[in-house]
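The sequence shown lines up with residues 1 to 101 when you count with the UniProt record's numbering.
Heads up, the beta-carbon is just placed ideally off N, CA and C, and yes, glycines get one too.
Nothing here was measured: the structure is a model prediction, and the numbers come from that model.
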Amino acid sequence: MLLKIHEPPATPWQQWFQSTYGSQGHRDLGDPHYLDTPTWKDFLSILPTFRQHMSVIIGDGSFTSFWSDHWIGSAPLDLAMPALFSQALRPNISVQLATES
1 MLLKIHEPPA
11 TPWQQWFQST
21 YGSQGHRDLG
31 DPHYLDTPTW
41 KDFLSILPTF
51 RQHMSVIIGD
61 GSFTSFWSDH
71 WIGSAPLDLA
81 MPALFSQALR
91 PNISVQLATE
101 S
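As structure tokens, then:
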């Protein structure tokens, strides 16, 4: 399931998911919300471990975490530059949104 939420939505459930939990839902993947279900909170709790063990192909950057996904260099940017990451206003922002702002 975690692999499927890191790719462009092709199926109806992926489209629903992206509009509810992704940037189309006006929050970044990984941001907690008070209406999150227990199941979704469980997914969020394992997301950092998942990202540590995966490298991604950036594509358009909309499904790649700027800070937490391993997409550039030898480590994710949150680990490579912890002081800079500690000042991030949007720690779960995608590469696409980070480079547009």
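N- and C-terminal bounds of the alpha helix (DSSP H) containing residue i
i	result
T39	38-52
P82	82-85
A98	95-100
Contact under 8 Å by Cβ, residue i with residue j
i	j	result
residue 126	W71	The structure shown does not extend to residue 126, since the chain is modelled only from 1 to 101, so the question has no answer here.
G73	T99	no
R90	D28	yes
G59	L47	no
P8	F63	yes
Residue i (DSSP reduced to helix, strand or coil)
i	result
S19	helix
Residue from the options with nearest C-alpha to residue i
i	options	result
V56	S19, F85, V95	V95
Q52	R90, D69, P12, W16	D69
Pairwise C-alpha distance: residue j and residue i
i	j	result
F17	Y34	17 Å
P32	A75	24 Å
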